[in-house]
Structures are given as structure tokens and as C-alpha cells.
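Novice: Heads up, the sequence shown is in the working numbering, so the first residue is 384 and it goes up one at a time.
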Amino acid sequence: MSGVYRWAQLPPRVGVFVESLAGPVRSVVRSAGPHGSSFVATVTTPTGRVFVKVAEEAGAPIAARAQTSEIAASAVTGVLSPRLLRHGTVDGWRVLVFEHIEGRPLRFRLGSADFVQVVGAIDRIGRIQPGRSAGLPTLVGRLREHLPPGRASALCGNRLLHTDLISGHMLIRPDGRLSVVDWGRVALGPRWAEIAFVGANLLRANHDLDEVRRWMWRFPEWRRTPHTARRTLAEAMIGHHGGRVLWWTDLVDAPIAR
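#1: For residue 549, count neighbouring Cβ atoms within 10 angstroms of its own Cβ and tell me buried if that reaches 16, exposed if not.
#2: Short check: CB of residue 404 to CB of residue 473, under 8 Å?
#3: Tell me residue 432's beta-bridge partners as DSSP assigns them.
#4: Would you mind sorting residue 384 into buried or exposed? The rule is 16 or more other CB atoms within 10 Å of its CB.
#5: Keeping to the same chain, check which residues put their C-beta closer than 8 Å to that of residue 632; ignore five residues upstream and five downstream.
#6: How is residue 470 classed by DSSP in three states: helix, strand or coil?
#7: So residue 421 and residue 388 are supposed to be a Cβ contact under 8 Å. How far apart are they, rounded?
#8: Is residue 555 helix, strand or coil by DSSP?
#9: State the Cα-Cα distance for the pair residue 688 and residue 429, rounded to the nearest angstrom.
#10: If we ignore side chains and look at the alpha-carbon of each, how far apart do residue 637 and residue 463 end up?
#11: Taking the alpha-carbon positions, what's the residue 494 to residue 401 distance?
#12: If distances are taken between C-alpha atoms only, which option among 602, 607, 634, 587 comes closest to residue 505?
#13: Would you please state the rounded distance, in angstroms, between the beta carbons of residue 459 and residue 520? I believe it to be under 8 Å.
#14: Taking its Cβ as the centre, do 16 or more other Cβ atoms sit within 10 Å of residue 508, making it buried, or is it exposed?
#15: What residues in its chain sit with their C-beta under 8 Å from that of residue 598, if we drop five residues either side in the sequence?
#16: Inspect the CB distances between the region 431-451 and the region 480-491 and report whether three or more fall short of 8 Å.
#17: Can you tell me where the alpha helix (DSSP H) with residue 498 in it begins and where it stops?
#18: Examine chain B for any beta-carbon lying closer than 8 Å to the beta-carbon of residue 539, and answer yes or no.
#19: Thinking C-beta only, is residue 475 closer than 8 Å to residue 439?
#20: Output the distance between the C-alpha atoms of residue 635 and residue 391, rounded to the nearest integer angstrom.
#21: Would you kindly check if the distance between the Cβ of residue 538 and the Cβ of residue 487 is under 8 Å?
#22: Between residue 445 and residue 419, is the Cβ-Cβ spacing less than 8 Å?
#23: Between which two residues does the alpha helix (DSSP H) harbouring residue 616 extend?
#24: On the criterion of 16 or more Cβ atoms from any shown chain inside 10 Å, does residue 659 qualify as buried, or is it exposed?
#25: Leaving out the 5 sequence neighbours to the left and right, which residues in its chain are closer than 8 Å to residue 630 when beta-carbon positions are compared?
#26: Would you mind working out which of 426, 457, 609, 412 sits nearest residue 565, comparing C-alpha positions?
As C-alpha cells, then:
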């Protein structure tokens, strides 16, 4: 969880690892909001600022796995995301040091001036087709235990998926460019699945269900996807969340005609 540790509580060699790249630490500002890592902060040194994520491998194995995914994603996302400057394991702690990005969280509201950037992000991410050697997890692998026999093929694909595009994971820089951060839930799968995950996050942000479905229906790849495939994703996500998100089955239906 975020904020479990302060900078001074981390093993001294973690600080040495960061300082060997960026220089002596002058200040540390921990990041607000939910994070999976044991420690997340902006660190200022004489050479500038870097963004640091630390996860205790034994105490936070899920966070450590997410960081493994972030490392793999950094090799294929290019200018779409901050550069990973250095990573390593120090005394059982996974440490990632990223380029610091100046920017504000995107306004994640349908109809907002920012939201066109979300559509652009979906398109840019979906154009990336990493090879198997990239070492990225797959959507099928994530949801396998919740997929009925013979249904996994619906979620197979070679397109990059972020799967967690929300306001805090999309930063608009002062020059208007978008940076997508926090790739811990990255996966390979069919391009249309990203639209479903964004739709789910819009519902969580209190948008109207049919308004969200109409927005999703604007994407040709979503309209072309068989309902059985969309339903397979919905049912797998319900299982993945222990039956707590039953609205997924409504989300993947076509919008009500008007």
C-alpha cells in the first residue's frame, strides 16, 4: 500500500541506489492516492527530480510483480510514458527510478476538453504490438481461472493494453502532450478490451451506464467484436473481483437505441 514506509525507513542501500544515479537527496515528497508499492515519491536532488517506486519483495509480492510488468512495459511504450532510468533489487527491495513528469491529472469526464486525449491514448497504446520476447503478461493469463473451457481465445491478442486508464494515470504536460503512467496492470490482448476497461473506469467515476455504452459504441473495433467475446470478458472480470462487479454484464451490451 502507498505510504507504508517513509524514506528514512527504507534500507540505506535503497537510498544509495537512487543517489548513485541522481545525486544526494535533498527532499522527498510522497505521492498521494492509492498505489500498490511500498513507497512512491518524487525525489529532488541537485540534478533535478526523479520519480521513485519501491516494493518489498517478501512483504508486497503483488507490487513486486507489478513492477516487473512496468519494467517490461517501459521497453515498448516509447515517448508515451516516462523513461525508466534505472531499476534493480537491493536487499530484497525492488527499486524503480523514473524520469519525473511535470503535469496535471487528466479530467476523466465524458465531454470534458481533456477527454479527447483518452481516445488518443487508446489508439496509440493499441497500435503497439510487442513480441513475445517482451515478457509482458497476457490478459488470458490474468483471467484464466475465471474463463470457461474453450472461451480463452476470445481474449487472446498481441496488442498492448494498459487496463487501468484513470485520471491519475494520465498526465497532461504544460505543452499539452499526454504521458501515461503506472503500467503495473499492463497486459497483451485484443485491442477492443482497452475500451471495455476505460468504460468500466467511467462507471466507477459515476457516469451514466447508457452514456458510457454510447461512447464505447463509437469505436468500430468495439462494435465489430461479437457479443459473446465481450460477455466472456465481463464474466471473467466479475469472477476476478469475487462477484462484486455484476454491472460488467450490462456494460458490454449495446447501447439502448434512441
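The beta-carbon is built from N, C-alpha and C at its ideal position, and this holds for glycine as well.
Specialist: The relevant details are as follows:
#1: Start at 1 with the first residue of the sequence shown, and residue 549 comes out as number 166. Counting other Cβ atoms within 10 Å of its Cβ, residue 549 reaches 16 or more and is therefore classed as buried.
#2: To locate residue 404, count along the sequence shown from 1; it is residue 21. To locate residue 473, count along the sequence shown from 1; it is residue 90. Note that the C-beta distance between residue 404 and residue 473 is not below 8 Å.
#3: In the sequence shown, the residue the question calls residue 432 occupies position 49. According to DSSP, which records beta bridges pairwise, residue 432 is partnered with 427.
#4: Reading the sequence shown from its first residue, position 1 is the one you call residue 384. Confidence at residue 384 is low in this model, with a pLDDT of 38, below 50, so the placement of that residue should be treated as unreliable; the coordinate-derived value is given next. Flag for residue 384 reads exposed.
#5: Within the sequence shown, residue 632 is the residue found at index 249, counting from 1. Correct list, in chain order: 614, 617, 618, 621.
#6: For the purposes of this step, residue 470 is taken as residue 87 along the sequence shown, with counting starting at 1. Note: residue 470 maps to strand in three-state DSSP.
#7: Here residue 421 corresponds to residue number 38 of the sequence shown, with the count starting at 1. Here residue 388 corresponds to residue number 5 of the sequence shown, with the count starting at 1. Right, the Cβ-Cβ distance comes to about 5 Å (below 8 Å), so this counts as a contact.
#8: On the sequence shown, position 172 is the one that residue 555 refers to. Secondary structure at residue 555: strand, using DSSP grouped into helix, strand and coil.
#9: Outside the modelled stretch of the chain, which goes from 384 to 641, sits residue 688, for which no answer is possible.
#10: Along the sequence shown, read from residue 1 onward, the residue named residue 637 stands at position 254. Along the sequence shown, read from residue 1 onward, the residue named residue 463 stands at position 80. Near 31 Å, if we compare the C-alpha coordinates of residue 463 and residue 637.
#11: Here residue 494 refers to the residue found at position 111 when the sequence shown is read from its first residue. Here residue 401 refers to the residue found at position 18 when the sequence shown is read from its first residue. Taking the straight line joining both Cα atoms gives about 41 Å.
#12: Mapped onto the sequence shown, residue 505 falls at position 122. When the alpha-carbon of residue 505 is set against those of 602, 607, 634, 587, the nearest one is in 602.
#13: Residue 459 sits at position 76 when you count from the first residue of the sequence shown. Residue 520 sits at position 137 when you count from the first residue of the sequence shown. Their Cβ separation, rounded to whole angstroms, is 13 Å, which puts residue 459 and residue 520 out of contact at 8 Å.
#14: Stepping through the sequence shown from its first residue, residue 508 is reached at position 125. By the beta-carbon neighbour count (other beta carbons within 10 angstroms, threshold 16), residue 508 is buried.
#15: As a first step, residue 598 must be located in the sequence shown, where it is residue number 215. If you ignore the 5 residues before and after residue 598, its C-beta comes within less than 8 Å of the C-beta of 493, 582, 585, all in its own chain and listed in chain order.
#16: Yes, the region 431-451 is in contact with the region 480-491.
#17: The residue given as residue 498 occupies position 115 in the sequence shown. For residue 498, the enclosing alpha helix (DSSP H) covers residues 498-510.
#18: Considering every chain present, this structure includes no chain B. It has just one protein chain.
#19: Sequence index remark: in the sequence shown, residue 439 carries index 56 (1-based). Sequence index remark: in the sequence shown, residue 475 carries index 92 (1-based). Yes, they are a contact pair.
#20: Numbered from its first residue, the sequence shown carries residue 635 at position 252. Numbered from its first residue, the sequence shown carries residue 391 at position 8. The straight-line gap separating the alpha-carbon atoms of residue 635 and residue 391 is approximately 47 Å.
#21: Here the question's residue 487 lines up with position 104 in the sequence shown. Here the question's residue 538 lines up with position 155 in the sequence shown. No.
#22: Walking along the sequence shown from the start, residue 445 turns up at place 62. Walking along the sequence shown from the start, residue 419 turns up at place 36. Their beta carbons are under 8 Å apart, which means residue 445 touches residue 419 by this criterion.
#23: Here the question's residue 616 lines up with position 233 in the sequence shown. Element bounds for residue 616: 610-623.
#24: As displayed, the chain neither begins before 384 nor continues past 641, which places residue 659 out of reach and without an answer.
#25: Walking along the sequence shown from the start, residue 630 turns up at place 247. Result list for residue 630: 586, 592, in chain order.
#26: To locate residue 565, count along the sequence shown from 1; it is residue 182. In this structure, 457 is the residue among 426, 457, 609, 412 with its C-alpha nearest to the C-alpha of residue 565.
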